[in-house]
Amino acid sequence: MKKEEKVSIRRNTTTSANDVSIFKNDSIIEFKNVTKDYNHEVVALNKVSFKIKKGEFIFLVGPSGSGKSTILKLLVREELATEGNVIVNGQDVANLKEKDVPFFRRKIGFVFQDFRLLYDRTVAENIIFALMVVGATEREIKMQLANVLELVGLTGKENYYPNQLSGGEQQRVALARALATKPSVLIADEPTGNLDPKTADEIFKMLVEINNRGTTILVVTHAKDTVDKLNKRVIALSAGRVISDEKGGYAGYDY
Ligand SMILES: Nc1ncnc2c1ncn2[C@@H]1O[C@H](COP(=O)(O)OP(=O)(O)O)[C@@H](O)[C@H]1O
Ligand SMILES: [Mg+2]
């Protein structure tokens, strides 16, 4: 048992065929030799491989244009890989039927740099809308609305419109909305890119808390100080390739 535990926490991208078969059900996300080119021109990702286990917290870093957002888009099947496999929850996303894609996406919460809220709807309505889309019952909606508002510290602000909130609060609404449907994975594309450092810190604290409650988290960020401080696994990309994948900080990279 001890030995197995040791092996299973190893983060080696060059695991042998044996390791793969032993731990094949261990990962919630797996990229296997994924290449993505857009319009047969730009190679955004070049043979990218990594595995993410249930419950992990991962930073995805790299210079602008290195392929970070492409990884997230492949994960939610907004784009399809040109070569290789993107496997989420044991399922190759390329094999999903069109009609199953919405259901598949419910299991993944997505947060963006620019919040992407519905600005003509209140905080509560933004969250309720996400729950209605997935067919939640009235009771579930009531419960989850209260739950996620509390989680992000916005209880009492349910009737505000996004424009009446600060940037940090708007991002918290986006987080609440993403979490309302209880996704197993939360992905965030530069979620603090539009926020001041103090507010950004609060959002990162919240992400850590959400992760502690069991949600797997993948965050694209340029917030070097935070990455260094939190000491999580960091996957670093450069020109569409994984150049480093280990626990720790930015480790000398300067983007
Ligand atoms: N829809 C697209 N069509 C053509 N090229 C794209 C598209 N999306 C991204 N790219 C290109 O793919 C590369 C990786 O982009 P992206 O994944 O957005 O990088 P990052 O998020 O790290 O800045 C860049 O060269 C970018 O210009
Ligand atoms: Mg990007």
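In the numbering used here, the protein residues as written are 24 to 278.
By construction, the Cβ of each residue, glycine as well, lies at the ideal position given by its N, Cα and C atoms.
Let me confirm a value: residue i is counted as buried when at least 16 other C-beta atoms fall within 10 Å, else exposed. Which label applies?
{"i": "Asn254", "result": "exposed"}
{"i": "Gln187", "result": "exposed"}
{"i": "Val156", "result": "exposed"}
{"i": "Ala40", "result": "Because the pLDDT of Ala40 is 44, which lies under 50, any placement of that residue in the model is unreliable, and the number read from its coordinates should be weighed accordingly. By the 10 Å Cβ count, Ala40 comes out exposed."}
{"i": "Ser89", "result": "buried"}
{"i": "Lys26", "result": "Unreliable positioning characterises Lys26 in this predicted model, as indicated by a pLDDT of 43, which lies under 50. A coordinate reading is not provided."}
{"i": "Ser44", "result": "Only weak support is given to the placement of Ser44: the predicted model assigns it a pLDDT of 44, under 50, and the value that follows is read from those uncertain coordinates. Flag for Ser44 reads exposed."}
{"i": "Met166", "result": "exposed"}
{"i": "Ile81", "result": "buried"}
{"i": "Lys120", "result": "exposed"}
May I ask you to list the residues that DSSP assigns as paired with residue i?
{"i": "Glu161", "result": "Glu161 pairs with nothing; no bridge assigned."}
{"i": "Asn108", "result": "Lys55"}
{"i": "Lys120", "result": "Bridge partners of Lys120: none, in fact."}
{"i": "Asp115", "result": "Ile110"}
{"i": "Leu168", "result": "Looking at the DSSP assignment, Leu168 forms no beta bridge with any residue, so it has no partner."}
{"i": "Leu241", "result": "Ile81 and Ile210"}
{"i": "Phe138", "result": "Beta-bridge pairing links Phe138 to no other residue."}
{"i": "Leu260", "result": "Val265"}
{"i": "Tyr61", "result": "Val65"}
{"i": "Ser87", "result": "Ser87 is not bridged to any residue."}
{"i": "Phe127", "result": "Per DSSP, none; premise fails for Phe127."}
{"i": "Ser50", "result": "Lys76"}
Using 8 Å for Cβ pairs, my map puts residue i next to residue j. What's the rounded Cβ distance?
{"i": "Val124", "j": "Asp115", "result": "Not quite, the Cβ-Cβ distance comes to about 13 Å (not below 8 Å), so this is no contact."}
{"i": "Tyr142", "j": "Pro206", "result": "Contact flag wrong, Cβ pair sits at about 23 Å."}
{"i": "Asn182", "j": "Ala147", "result": "7 Å"}
{"i": "Phe133", "j": "Arg144", "result": "Going by Cβ atoms, the distance from Phe133 to Arg144 rounds to 18 Å, so no, they are not a contact pair."}
{"i": "Arg256", "j": "Glu79", "result": "6 Å"}
{"i": "Val57", "j": "Leu97", "result": "7 Å"}
So the alpha helix (DSSP H) residue i belongs to, where does it begin and stop?
{"i": "Thr222", "result": "Pro220 to Asn235"}
{"i": "Arg200", "result": "Gly190 to Ala203"}
{"i": "Lys180", "result": "Counting along the chain, Lys180 falls outside any alpha helix (DSSP H), and DSSP gives it neither H nor E."}
{"i": "Leu253", "result": "Lys247 to Leu253"}
How far does the beta strand (DSSP E) with residue i in it reach, from first residue to last?
{"i": "Glu269", "result": "Arg264 to Lys270"}
{"i": "Ala20", "result": "Not covered by the structure: residue 20. The range shown for the chain is 24 to 278."}
{"i": "Leu98", "result": "From DSSP, Leu98 is part of no beta strand (DSSP E) but of the alpha helix (DSSP H) over Lys91 to Leu98."}
Is residue i close to chain C, meaning its C-beta is less than 9 Å from at least one C-beta of that chain?
{"i": "Ile52", "result": "Any reference to chain C falls outside this structure, which holds one protein chain only."}
Those residues, in chain order, that have a beta-carbon closer than 5 Å to some heavy atom of ligand 1: Tyr61, Val65, Ala67, Ser87, Gly88, Ser89, Gly90, Lys91, Ser92 and Thr93
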